[in-house]
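Engineer: Once you've had a glance at the structure underneath, I'll fire off some questions.
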Amino acid sequence: MTKQYAHPELLVSTEWVDMHRSDTSAIRIVESNEDLLLYDTGHIPEAIKIDWVNDLNNPVIRDYISPREFADLCGRHGIHQDTTVVFYGDKDNWWAAYALWVFKLHGHENCLLMNGGRKKWVAEKREMSTVRPQYPPVTYDLPTYRAEPGPIPPVLPGRHLRAYREEVLIHANKDKPLIDVRSPDEFTGQRTHMPEYPQEGVLRGGHIPGAVNIPWGKAVNPDGTFKSREELEQIYMNEAGLEPHDDVIVYCRIGERSSHTWFVLKYLLGFDKVRNYDGSWTEWGNAVGMPIEKGPGRVKSTAGAS
Amino acid sequence: MTVKEMIELFESIDDTMRMDILLDYSRRLPPLPANYQVQMLEGIARVPECMTPVFLWIEKDHSGMLDLHVYVAPEAPTVAGFMGLLREALQGHPVSEAAELPTDLVHQLKLDNLLRMNRTVGLSAMVARIRRQARELM
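Chains as they are written, first to last, in the numbering used here: chain P, 1 to 306; chain B, 1001 to 1138.
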């Protein structure tokens, strides 16, 4: 018998989505991809597109859209506070998990992820369409947030899901668990060393001291679905030494891949406190005076993983 | 359509039209000939700056004109559209035209605002790659 995920209700199958997709008064399906145009080549017929850059990021300062802009975005797509939003996308749902995390940051309660993402839906030859569905606009009540004085961004309802740089520094100094979900080359600092390849304009390579490298893709099966609870426990608990009551911070390059791991730890394994450091390496590796560790790092293993 | 005409066209339209054109060109990239597929499997000609797997060959045909071959992973129509446009503007043209591509082509096509930095790094790298390899061919 396979053990259930800690919060199985947050993950829905392609079959479930196929059965419920016409219930557009209660459910809104959202496709979020790395590629801006992929949705336009064909999507789940009822799905709308929410783009991580053009819809969710603030175009001027490096941050997410404001509560007002979030309410407008939802309202324009006919999403109410109590609408169940089902996310799916390319790259094994990494951008979908990111969009889901931003929705949670803004306090939207009912967010689900379609297991297997776009890849599985396509592989199963389920219905797709290039027609953009339109839903009657609604008024989405402004999320409750705490305004800060002057130009300081407001404190969003999902603030507890997010870690800022200063908090990560304190976290690292206390030797609390940090998971770096980038590829091994990015983690060791090899990648920015390649001449002529200014990947994302990061000035320094390496990782946050004490971080453990678990590439995000380890949590995924070849068909795009999440690995079983036992397999995930093996990776994150037995091999990386994490415990469900640990205070964990995850990060990657800009916080997208780590949203995927955040979802795994929080909802599939049921960890109490998991935060995503969305500033991630593009902030840390560029900021003045931040401590950096190079090389393979340490392996916090309790099960003899090498 | 020459590079100059392409820039003029993209200057005169809005983001929705730019996206439509990219989407259209993403469907026009011809399939990669078999001998290039072998090289691709060996990892030759990959553009490493692009997050999406992209492979690019810049060669001369028998009459000394540009001969471009491109492979873009299927889930990346934006990149495929950009490469489709470039191929349209350069295929069969003198090598010098590729060598003289504007380094800020992505900006001149007004794609930087639409795609933002995260998505334009790879595209600009491909422009640089085409320029560099074309200069080597001259």
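Every residue, glycine too, gets a C-beta built ideally from N, C-alpha and C.
1. Of the residues that make up the segment 1107-1128 of chain B, which ones have a beta carbon closer than 9 Å to any beta carbon in chain P?
2. Rounded to whole angstroms, what is the Cα-Cα separation between M1001 of chain B and F226 of chain P?
3. Which residue or residues does DSSP assign as beta-bridge partners of S129 of chain P?
4. Assign M114 of chain P to one of three DSSP states: helix, strand, or coil.
5. Drop a sphere of 10 angstroms on the beta-carbon of K91 of chain P, count the other beta-carbons inside from all chains shown, and report buried for 16 or more, exposed for fewer.
6. Check whether the segment 208-226 of chain P touches the segment 177-184 of chain P, counting contact only when three or more Cβ pairs, one atom from each stretch, lie closer than 8 Å.
7. Is the shortest distance between the beta-carbon of E1075 of chain B and the beta-carbons of chain P less than 7 Å?
8. Quick one: residues in its chain with C-beta nearer than 6 Å to the C-beta of D23 of chain P, no 5 flanking neighbours on either side, listed in chain order?
9. How long is the line joining the alpha carbons of V122 of chain P and D223 of chain P, rounded to whole angstroms?
10. Suppose you measure from the CA of L1022 of chain B to the CA of I44 of chain P; what does that come to, to the nearest Å?
11. Among the residues of its own chain, which have a CB less than 7 Å from the CB of P296 of chain P, if the five just before and after it don't count?
12. Just to make sure I have the definition right: I need the residues of chain B whose C-beta is within less than 7 Å of the C-beta of D35 of chain P. Which are they?
13. Just to confirm the assignment: which complete beta strand (DSSP E) runs, minimum length 3, are found wholly within the segment 45-93 of chain P?
14. For H108 of chain P and I65 of chain P, what's the separation of their Cα atoms in angstroms?
15. Can you tell me the Cα-Cα spacing of S316 of chain P and V85 of chain P, whole angstroms?
16. Can you pull the DSSP bridge partners for W1057 of chain B?
17. Fully enclosed by the segment 253-285 of chain P, which beta strand (DSSP E) runs are 3 residues long or longer?
18. Apart from the five residues just before and just after P198 of chain P, which ones in its own chain have a Cβ nearer than 6 Å to its Cβ?
19. Could you check how far apart the C-beta atoms of R1028 of chain B and G1084 of chain B are, in whole angstroms? I think they sit under 8 Å.
20. Below 8 Å on C-beta distance, what does S1026 of chain B contact in chain P?
21. Would L1041 of chain B count as contacting chain P if we go by Cβ distances under 7 Å?
22. In terms of DSSP beta bridges, what is R28 of chain P paired with?
23. For the segment 76-104 of chain P, which residues have a CB atom closer than 7 Å to at least one CB atom of chain B, in sequence order?
24. V12 of chain P by DSSP, collapsed to three states: which one?
25. Below 8 Å between beta carbons is the criterion; list the residues of the segment 1009-1020 of chain B that meet it against any residue of chain P, in chain order.
26. Suppose the cutoff is 7 Å on Cβ atoms and the five residues either side in sequence are ignored; what does the same chain contact list for K120 of chain P look like?
27. Tell me whether S1012 of chain B is buried or exposed, calling it buried when 16 or more other Cβ atoms sit within 10 Å of its Cβ.
28. Would you verify that the beta carbon of V202 of chain P is, or is not, closer than 7 Å to some beta carbon of chain B?
29. Report the partner residues of H1107 of chain B according to the DSSP bridge assignment.
30. How would you call A1076 of chain B, buried or exposed, if buried means at least 16 neighbouring beta carbons within 10 angstroms?
31. Tell me the start and end of each unbroken alpha helix (DSSP H) in the segment 1015-1041 of chain B that is at least 4 residues and wholly inside, in chain order.
32. If you run the structure through DSSP and keep just helix, strand and coil, what is D247 of chain P?
33. So is V30 of chain P in contact with chain B if we call contact Cβ pairs under 7 Å?
34. Look at the alpha carbon of R292 of chain P and the alpha carbon of R204 of chain P, and state the distance between them as a whole number of angstroms.
35. Ends of the beta strand (DSSP E) at I179 of chain P?
36. Can you confirm whether the segment 1120-1134 of chain B touches the segment 1033-1049 of chain B when touching is taken to mean that 3 or more C-beta pairs between the two stretches lie within less than 8 Å?
Structural biologist: Well, looking at it:
1. Taking 9 Å as the Cβ-Cβ cut-off, the segment 1107-1128 of chain B approaches chain P at N1113, L1114, L1115, R1116, M1117, N1118, R1119, V1121, A1125 and A1128, given in chain order.
2. Cα to Cα, the separation comes out at about 46 Å.
3. Looking at the DSSP output, S129 of chain P shares a beta bridge with P:H43.
4. Here M114 of chain P sits in strand by DSSP.
5. Sixteen is the threshold: when 16 or more other Cβ atoms of the shown chains lie within 10 Å of the Cβ of K91 of chain P, as they do, the residue is buried.
6. Counting Cβ pairs under 8 Å, three or more are found: they touch.
7. At a cut-off of 7 Å, the C-beta of E1075 of chain B has a neighbouring C-beta in chain P.
8. Contacts found: none.
9. Spanning the two alpha carbons is a distance of roughly 11 Å.
10. Approximately 21 Å between the Cα atoms of the pair.
11. Within the same chain, T188 come within 7 Å of P296 of chain P by CB-CB distance, once the 5 residues on both sides are set aside.
12. Neighbours of D35 of chain P on chain B, chain order: E1075, A1076, P1077 and T1078.
13. Here the runs fully enclosed are 84-88.
14. Approximately 14 Å, taken between the alpha carbons.
15. The shown model of chain P, from 1 to 306, leaves out residue 316 of chain P, and the question about it has no answer.
16. B:H1069.
17. If we require 3 residues or more, the beta strand (DSSP E) runs fully inside the segment 253-285 of chain P come out as 273-276.
18. Model confidence at P198 of chain P stands at a pLDDT of 47, short of 50, so the residue's coordinates are unreliable; what they give is reported in the following sentence. The answer is none, since no qualifying residue turns up.
19. Correct: roughly 5 Å between the Cβ atoms.
20. Under the 8 Å cutoff, chain P gives L37 and T41.
21. Not one chain P Cβ lies under 7 Å of L1041 of chain B.
22. Beta-bridge partners of R28 of chain P (DSSP): P:V85.
23. Those would be D90, in chain order.
24. Strand at V12 of chain P.
25. Those residues of the segment 1009-1020 of chain B that come within reach of chain P (Cβ to Cβ, closer than 8 Å) are M1019.
26. Answer for K120 of chain P: T14, D223, G224 and T225, listed in chain order.
27. Around the beta carbon of S1012 of chain B, fewer than 16 other beta carbons lie within 10 angstroms, which makes this residue exposed.
28. Closer than 7 Å: no.
29. Paired residue(s): none; H1107 of chain B is not in a bridge.
30. When all chains shown are included, A1076 of chain B counts as buried.
31. For the segment 1015-1041 of chain B, the continuous alpha helix (DSSP H) assignments of 4+ residues that do not extend past its boundaries occur at 1015-1026 and 1034-1041, in sequence order.
32. Here D247 of chain P carries a strand assignment [DSSP, helix/strand/coil].
33. False, the Cβ-Cβ gap to chain B never drops below 7 Å.
34. Position check: residue 292 of chain P holds Ile in this sequence, whereas Arg was assumed. Rounded to the nearest whole angstrom, the CA to CA distance from I292 of chain P to R204 of chain P is 8 Å.
35. I179 of chain P -> beta strand (DSSP E) spans L178 to D180.
36. Counting Cβ pairs under 8 Å, three or more are found: they touch.
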